[in-house]
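**Student:** Sharing a structure with you now.
In the working numbering, the protein residues as written are 58 to 627.
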């Protein structure tokens, strides 16, 4: 518990020290289930010059408060769930680490928010779990007003240095943000590494992974910091150089076993290389060190299912379901995966219990309805009751039609179940929907492979025809947008058409033409230029004598000349 002190260690009231005026402008959210500690923290903040203070008693109320308004600082007690529930609503729920995980993952707080964890927790695994989710700082209890004041001032000073760049990012001006980071690194050398990190992350967000790689290598040439090593591995992996990324990550893990994100990326690369068993071991090693991060537990469960380890899958998904029980962002798909593991183990009674929990705690949304129906169908299939399984699968498809948002992975499983029961139309409908899931959408080839592996190439051909028809419609929409002067909108529509029909020459030619038109009119765009070059090479491979090829090559060269881009590449 914090030490309540009316003065700093030097005997001077914190509010009268330099920085108090700045503190008066700060807004703080205290998250703690104990009313006495909340009052004590508020008193300490008042002494440090902070007066704009609100409180939350648990993770749920904190998320609601942060959803209503932004705060400069979140002071969060780690142990939110172990206290005795009282009249103020504290008690069981998420801990501070799980709250931070939700806030970061769902982007409830902006990157420049200051999140300070207050803890006396000595459990090694919990501290590591929270540390990898990048709180701004830790303050170990007990602490004084002076310590709290100094930590806040340090965090505020760093934020003030980075804020102009963050503001440009928030305004969707990544190019200007990169330029500002370069200039700020020159004028604020004390934060040069922070600005370099922001630059690299901005390049990565623009899919300029080669430029991000250059920044990371420059940082590492000056100082061997862990985040730059991990960033370099990410940039290398993002460029498809998986075999090069794996040894980089193995060295990172060996040198710094606490850098948990390295395990996650290593496992992903190993799985991409086709080594699911090694990926599972990597994730198991990570969970042994840091056992409280829900998304990692979920990933371990998925890989365990893929490798046939139903015991491991059950253990992981049971922890996921338990740990996310009090989250505002529970995912009913976790229950489906737990049911899948229990059915695989031959435990229908345990699976039924999980389904009842799903129905009781997550009912009322189309996604939950779909997941319940999928789970019940799994039970019926295991019991050999095909007719009952078909009935539930139809209910699941109906729920998806009603807006049930399922992940592509869950849609694939639903489609496979439909195919098993000769529900061809439903399977095709579900898979088409999986192609429109945003950043995690399946590629057309991945969707077609589901039908090919099921021995239904006829359905794959049917899906292919539908995709080509949709792409033709999108080409017409893009033409309309371009004629109305919406050049950017036309390009976005063309990119949707390319996703639907990635090997269609007409679509590829239209995409290159639209991209080059946007570049000539609105400025150089590295990712779009790289895409146009990639598509030109694809066209050349499919039809080296295509009548538009030479003209498009000339347009690309003209764009490079206009913006002073070297002919060999951007």
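Ideal Cβ positions, reconstructed from N, Cα and C, are used throughout, including at glycine.
Pair every Cβ in the region 195 to 212 with every Cβ in the region 242 to 262, then say whether three or more of these pairs are closer than 8 Å.
**Tutor:** Verdict: no, contact absent.
**Student:** Using the Cα positions of residue 570 and residue 532, report the straight-line distance between them to the nearest angstrom.
**Tutor:** If you take the alpha carbons of residue 570 and residue 532, they lie about 12 Å apart.
**Student:** DSSP three-state call for residue 374: helix, strand or coil?
**Tutor:** Three-state result, residue 374: helix.
**Student:** Hey, quick one: how far does the beta strand (DSSP E) through residue 172 stretch, first residue to last?
**Tutor:** Start and end: 171 to 176.
**Student:** Which value, in whole angstroms, describes the spacing of the CA atoms of residue 357 and residue 81?
**Tutor:** So the two alpha carbons sit approximately 46 Å from each other.
**Student:** Going straight from the alpha carbon of residue 538 to that of residue 579, what length do you get?
**Tutor:** If you take the alpha carbons of residue 538 and residue 579, they lie about 16 Å apart.
**Student:** When we look at the beta-carbon of residue 380 and count the other beta-carbons within 10 Å, is it buried (16 or more) or exposed?
**Tutor:** Under this definition residue 380 is a buried residue.
**Student:** Given this structure, state the Cα-to-Cα distance separating residue 112 from residue 224, to the nearest angstrom.
**Tutor:** Roughly 27 Å separates the two Cα atoms.
**Student:** Check whether the Cβ atoms of residue 192 and residue 174 lie closer than 8 Å to each other.
**Tutor:** Yes; because the gap between Cβ atoms is below 8 Å, this pair is in contact.
**Student:** Per DSSP, which one or two residues make a beta bridge with residue 131?
**Tutor:** Paired residue(s): 86, 172.
**Student:** How is residue 347 classed by DSSP in three states: helix, strand or coil?
**Tutor:** In the structure shown, residue 347 sits in coil (DSSP, three-state: anything other than H, G, I, E or B).
**Student:** Taking a contact to mean a Cβ-Cβ separation below 8 Å, would you say residue 268 touches residue 294 in this structure?
**Tutor:** No, the pair does not count as a contact, with Cβ atoms beyond the cut-off.
**Student:** Relative to the alpha-carbon of residue 527, which residue among 169, 501, 512 has its alpha-carbon at the smallest distance?
**Tutor:** Checking every option, the nearest Cα to that of residue 527 belongs to 501.
**Student:** CB-CB under 7 Å to residue 335, same chain, minus the five flanking residues each way: which ones, in chain order?
**Tutor:** These residues qualify, in order along the chain: 327.
**Student:** Pick helix, strand or coil for residue 615, following the three-state DSSP scheme.
**Tutor:** Helix, per DSSP.
**Student:** Look at the alpha carbon of residue 142 and the alpha carbon of residue 219, and state the distance between them as a whole number of angstroms.
**Tutor:** Here the model assigns residue 142 a pLDDT of 40, short of 50, so the residue's position is not dependable and the matter cannot be decided.
**Student:** Tell me whether residue 418 is buried or exposed, calling it buried when 16 or more other Cβ atoms sit within 10 Å of its Cβ.
**Tutor:** Result: exposed.
**Student:** Alpha carbon to alpha carbon, what distance is there between residue 306 and residue 123?
**Tutor:** When rounded, the distance between both Cα atoms is 36 Å.
**Student:** Taking its Cβ as the centre, do 16 or more other Cβ atoms sit within 10 Å of residue 345, making it buried, or is it exposed?
**Tutor:** That one is exposed.
**Student:** With burial defined as no fewer than 16 other Cβ atoms inside 10 Å of the residue's Cβ, what is the status of residue 530: buried or exposed?
**Tutor:** Its Cβ having fewer than 16 others within 10 Å, residue 530 is exposed.
**Student:** I'd like the list of long-range same chain contacts for residue 33, defined as Cβ closer than 7 Å, with 5 residues on each side in sequence excluded.
**Tutor:** Residue numbering for the chain in the displayed model covers 58 to 627; residue 33 lies beyond these limits and cannot be assessed.
**Student:** Exposed or buried, residue 483, counting other C-beta atoms within 10 Å across all chains shown (16 or more means buried)?
**Tutor:** Classification for residue 483: buried.
**Student:** Using only CA atoms, which one of 620, 353, 498, 282 lies nearest to residue 155?
**Tutor:** The option with the nearest alpha carbon to residue 155 is 353.
**Student:** Within a Cβ cutoff of 6 Å, which residues of the same chain sit near residue 299, ignoring the five residues on either side of it in sequence?
**Tutor:** Same-chain partners within the cutoff: 326, 329, 330.
**Student:** Go through its chain and collect everything with a Cβ distance to residue 616's Cβ below 8 Å, but skip five positions before and after it.
**Tutor:** 573, 576, 577, 581, 586, 622.
**Student:** Got a sec, what are the start and stop residues for the alpha helix (DSSP H) residue 329 sits in?
**Tutor:** It spans 317 to 329 - the alpha helix (DSSP H) in which residue 329 sits, taken as one unbroken run.
**Student:** Going by the beta-carbon positions, is the gap between residue 136 and residue 176 smaller than 8 Å?
**Tutor:** Yes, these two residues count as a Cβ contact at 8 Å.
**Student:** Using a Cβ-Cβ cutoff of less than 6 Å, which residues in the same chain neighbour residue 460 once the five nearest sequence positions on both sides are dropped?
**Tutor:** The residues are 423.
**Student:** Measuring straight from C-alpha to C-alpha, what distance separates residue 282 and residue 430?
**Tutor:** Those two C-alpha atoms are separated by around 49 Å.
**Student:** Rounding to the nearest angstrom, what Cα-Cα distance links residue 253 and residue 290 in this structure?
**Tutor:** Near 16 Å, if we compare the C-alpha coordinates of residue 290 and residue 253.
**Student:** Pick out whichever of 221, 134, 165, 157 has its Cα sitting closest to the Cα of residue 196.
**Tutor:** Ranking 221, 134, 165, 157 by Cα distance to residue 196 puts 134 first.
**Student:** Who does residue 196 pair with in a DSSP beta bridge?
**Tutor:** Answer is 175, bridged to residue 196.
**Student:** Would you say residue 520 and residue 480 are within 8 Å of each other, going by their C-beta atoms?
**Tutor:** No, these two residues do not count as a Cβ contact at 8 Å.
**Student:** So, are the CB atoms of residue 98 and residue 583 less than 8 Å apart?
**Tutor:** Contact flag unset, no.
**Student:** If you measure between the beta carbons of residue 588 and residue 609, is that distance less than 8 Å?
**Tutor:** No. Outside cutoff.
**Student:** In terms of DSSP beta bridges, what is residue 112 paired with?
**Tutor:** According to DSSP, which records beta bridges pairwise, residue 112 is partnered with 87.
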